[in-house]
Amino acid sequence: MIWQQLLNGLTLGSTYALIALGYTMVYGIIQLINFAHGEIYMIGAFVGLFLVVNTGLNIGVALLGAMAFCMVLGMLVELIAYRPLRGRASRLSGIISAIGVSIFLSTLMVLIAQTNTRRYPDIINIQTFQVGDLQVSSLQIIILVVATLLMVGLQLLVQKTRVGKAMRACSQDLDAAYLMGINVNRIISFTFAIGSALAAAGGVMVGIYYNAVWPYMGTMAGLKAFAAAILGGIGSIPGAMIGGITLGVLEILGVAYLSSSYKDAIAFGILILVLIIRPQGIMGQKITKKV
Amino acid sequence: MDALISQYIDPYYLRILMLIGINIILALGLNLITGVTGQLSMGHAGFMSIGAYTSAIFSMQMGSPFFLSLLAGAMVAAFFGFLIGIPTLRLEGDYLAMVTIGFAEIIRVFFLNFEPGGKAVGLSGIPQNTTFVLVWTLVIIVIILNAKLLNSRIGRAFYAIRENEIAAEASGINSTRLKVLAFTAGSFLAGLGGGLYAHYMYFIRPQDFAFMKSIELLNMVVLGGMGSIPGTVLGSVILTLLPEMLRVVAEYRLMFYGALLVILMIFRPNGLLGDVRVYDLKKKLQGKKVGLWQSSN
Amino acid sequence: MAILQLEEITMEFGGLRALDVVDIEVKEQQIFGIIGPNGAGKTTLFNIITGIYLPTGGKVIFKDRLLNKMHAWDVARQGIGRTFQNIRLFNKLSVLDNVRVGSHGVSRSGFFGSILGLPGSRREEKTIMEKAEQLLDLVGLGDKKLEYAENLAYGEQRRLEIARAMALNPSLLLLDEPAAGMNSTEKMGLMDLIWRIRNEMQLTIILVEHDMNLVMNICEQIAVLDYGRKIADGPPEVVKNDERVIQSYLGAEA
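Chains as they are written, first to last, in the working numbering: chain A, 2 to 292; chain B, 61 to 357; chain C, 23 to 276.
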């Protein structure tokens, strides 16, 4: 029983992790809580759905399509709503702008798709395997594999490539990176693109897994993913992965063994407890104030 | 007095005026925490809901007089502000924001499961004791006390913490203690506003106090100008009116609201009134030149 | 009599030793200079005295009282005021308010006294105001008191920091590179100011400074730090002629 819960938790957690990565990467570079990120995830789920239903594309291609669409959308949001504020406004103005985008995108989606819940058609032949007591669905395997591939890919991108190096430089010190000749605007834009693509992948997979896509699905998922990013230590990429998975597992365990009516409170309760004990998050570094 | 007012003012406008008043009280509370002391709180509606439910239950199930119910709601909210403030106000900026979001969500889920509060259905039949005169009298009192506070030793220390915490401590300011104080006072006002709201609306549900409500209140503080009393009042007026005015665009209403937030932040990144305090206004009136309208970067 | 004793102060940052068993004794009403090349640990020493860092080892004793584990705000209330190397003003407060905030540690009005305007806190407000105006006149900012702090010129900002620290009625004043960024006229004015503060208000001053001319002119006792170690300690003429000091520091500048 516990193993079953752990597996379910791991599946949920890996989708939280995919969304949390976008929060943490953006935060790492421009210290902005991108509240519109949950809406990008929601739109990713819708685009995937649209592609599958209306064009009959293979789900794998639809996933890539949703990722590509959200990449562009993420860059556009940054360009319109955040870039004009950069360097001349307080962090809070950025947050309010992000909230504005979030409201805009979710209501836009309500206008397009109405508020009712939609479902992905049965495109994947879901099989369930029995491993001992454990029931593993093919969908869970797909989600775990895709999420792992994406995270490994991200890690390689950040650690091994030139652009990854530039991203790391920007997260250390934006001004210094600029002085070193890095095109900071392009790197920020790129970061939004990557983060949004990951969120879109999460959206499509959650949409299929829970069989539900609706315009407000981004709000709670976004808040929880942000909680996961903070839990792991915001700004840290491995932290977001660990935070997402921890949160997913603990949430499923909490629902299974405590109470399902407190489902949404469990994640936040854990987060608050962790932060009280370890204010910098699990993987975060203690910041020593320079005087 | 109230009878007179309801005779001459159209019920629709009266309702908007009441909501503006209640929002001013709520936003001034958040202004103390976020605008003045610089501690980003994104869960103000959580404290508001504590005040709303507490006062409603006092009135409905314990038959307490209205003023006592209001006070009880405000005090219980303040108590929770104090309680959550102690361990969390050591956290840096956005971590605190997350904790406040989380706390407000936990409160909401709690009320969703709270039998005496009617669970998800909420409470209805709350006596409609909140009157126009009461709301606006309280608004004036709250504004005066706020202005006095901000122009005092304690208020200056709040600003100092926002501006530079290390330098504030070097001036002998116990920043942890003062942050908890700001948080408690701000939560008190949230609770008071919540009580007024409950006794005006007749009916409350947990979803009235969800994340979006906290955000709405935060918008009022930031839009008007962080830390400024006139700014917060202006922000509350505008953002209460805006959705009403956007009724003409019907279902596009929220979309416009979102877009307007972005546009306002792009053109007035430091809020409409920057950082204007009653104190600065006085200086201006005395003919001294301090950049009243200069936006601070 | 010694007002401040630093005994065997050691400070490590993740294995890196910023201060290595430093002993310093500052006498009452002395103007004491701490010099040394960049990274010698001067500002770290200030941060340890003022309770921002907890030293890895050693004791900070101020007026026979151990300060080590006190919070920064508590240290300030013991009577230690300071300025910062990288100016830390309350930018969006007026010049006057900056100084009034400085009085926080030596005033007492509470929350309710403030909002209700009780007589006690009103009286205190008046004293704070008078004091602030005096101090602003002292540092020559009397006519700028309603400006926002961020709008002051660099040298003025440094003087405002001094006024703010003085509002605490300190018996020990720590100045972290007070002359940085000042031209020579301003430096003369600063020297004069430091002297006047010490003489008129009978307090002890420790300053960290790079300008040798200023340090040698004004300080009665100087400690020299190099890579976290104290390599010399004495009156200016002794320090000036110390072999090790010339080698590691003065020589390099000459």
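Glycine included, C-beta positions come from ideal geometry on N, C-alpha and C.
- Pro147(B) reaches chain A at Ile277, counting residues in chain order whose Cβ is nearer than 8 Å.
- Counting along the chain, Phe84(C) sits inside the beta strand (DSSP E) bounded by residues 79-84.
- Inclusion of Lys49(C) and Ala24(C) in the CB contact set at 8 Å is warranted, their separation being smaller than that value.
- By alpha-carbon distance to Thr191(B), the top candidate from Val282(B), Leu283(B), Leu130(B) is Leu130(B).
- Its chain contains Gly165, Met168, Arg169, Ile238 as the residues whose beta carbon lies nearer than 7 Å to that of Val159(A), once the 5 sequence neighbours on both sides are disregarded; these appear in chain order.
- Annotation for Leu195(C): the continuous beta strand (DSSP E) segment containing it runs 194-198.
- Distance from the Cα of Thr148(B) is smallest, within the candidate group Ile278(A), Met284(A), Gly285(A), for Ile278(A).
- Among the residues facing chain B, Ile97(A) is included, as its CB has a counterpart in that chain under 8 Å away.
- For Glu29(C), the enclosing beta strand (DSSP E) has its first and last residue at 24-35.
- Between the alpha carbons of Tyr42(A) and Met284(A) lies a gap of roughly 24 Å.
- The C-beta distance from Phe248(B) to Ala138(B) rounds to 4 Å, short enough to meet the 8 Å contact threshold.
- The CB of Leu241(B) comes closer than 8 Å to the CB of Phe133 in chain C, given here in chain order.
- Nearest CB-CB separation between Val256(A) and chain B: not below the 8 Å threshold.
- Taken in chain order, the complete alpha helix (DSSP H) segments of 4 residues or longer contained in the stretch 111-184 of chain A are 139-161, 163-173, 175-180.
- Residue burial is scored here from C-beta neighbours: Ile109(C) has at least 16 other C-beta atoms within 10 angstroms and is therefore classed as buried.
- Of all residues in the stretch 128-159 of chain B, the ones placed with a Cβ closer than 8 Å to any Cβ belonging to chain A are Pro147, Thr148, Arg150, Leu151, Glu152, Gly153, Asp154, Tyr155, Ala157, Met158, Val159, in chain order.
- Spatial neighbours of Val199(B) in its own chain (CB-CB distance under 7 Å, excluding positions within 5 residues in sequence) are listed in chain order as Gly81, Ile84, Ile85.
- Here the alpha carbon of Ile226(B) sits roughly 16 Å from the alpha carbon of Arg122(C).
- Here the C-alpha atom of Met242(A) lies approximately 15 Å from the C-alpha atom of Ala268(A).
- Listed along chain B is no residue with a C-beta nearer than 9 Å to that of Trp217(C); the closest approach is about 23 Å.
- Here Thr197(B) is exposed: its Cβ has fewer than 16 other Cβ atoms, across all protein chains shown, within 10 Å.
- The distance from the Cβ of Leu277(B) to that of His104(B) is about 5 Å, consistent with a contact at the 8 Å cut-off.
- By the neighbour-count criterion, in which 16 or more other beta carbons inside 10 Å mark a residue as buried, Trp95(C) falls on the buried side.
- The DSSP-derived three-state label of Glu47(C) is strand.
- The continuous stretches of alpha helix (DSSP H) do not include Phe54(C), which lies in the beta strand (DSSP E) extending over residues 53-57.
- With a minimum length of 4 residues, the unbroken runs of alpha helix (DSSP H) contained wholly in the stretch 36-116 of chain A fall at 38-56, 60-78, 92-114.
- Restricting attention to Ala310(B), Leu320(B), Val322(B), Pro329(B), the CA atom closest to the CA of Leu112(A) is found in Ala310(B).
- Taking C-beta atoms as the reference points, Tyr121(A) and Ile209(A) count as a pair closer than 8 Å.
- As DSSP reads the structure, Thr226(C) sits in a beta bridge with Leu194(C).
- The Cβ atoms of Ala148(A) and Ala18(A) lie closer than 8 Å to each other.
- Residue-level contact by beta carbon holds for Ser94(A) and chain B, with a gap shorter than 8 Å.
- Separation of Lys161(A) and Val27(A) (C-alpha to C-alpha, rounded to the nearest whole angstrom) is 19 Å.
- Residues of the stretch 95-127 of chain B with a C-beta atom less than 8 Å from some C-beta of chain A are Leu100, listed in chain order.
- DSSP places Phe269(A) in the helix class (H, G or I) of the three-state scheme.
- The beta-carbon distance between Tyr170(C) and Lys114(C), rounded to whole angstroms, is 6 Å. This is short enough to meet the 8 Å contact definition.
- Leaving aside the five residues that flank Gln100(C) on each side, the residues in its chain whose CB is nearer than 8 Å to its CB run, in chain order, Phe84, Lys85, Arg87, Leu89, Met92.
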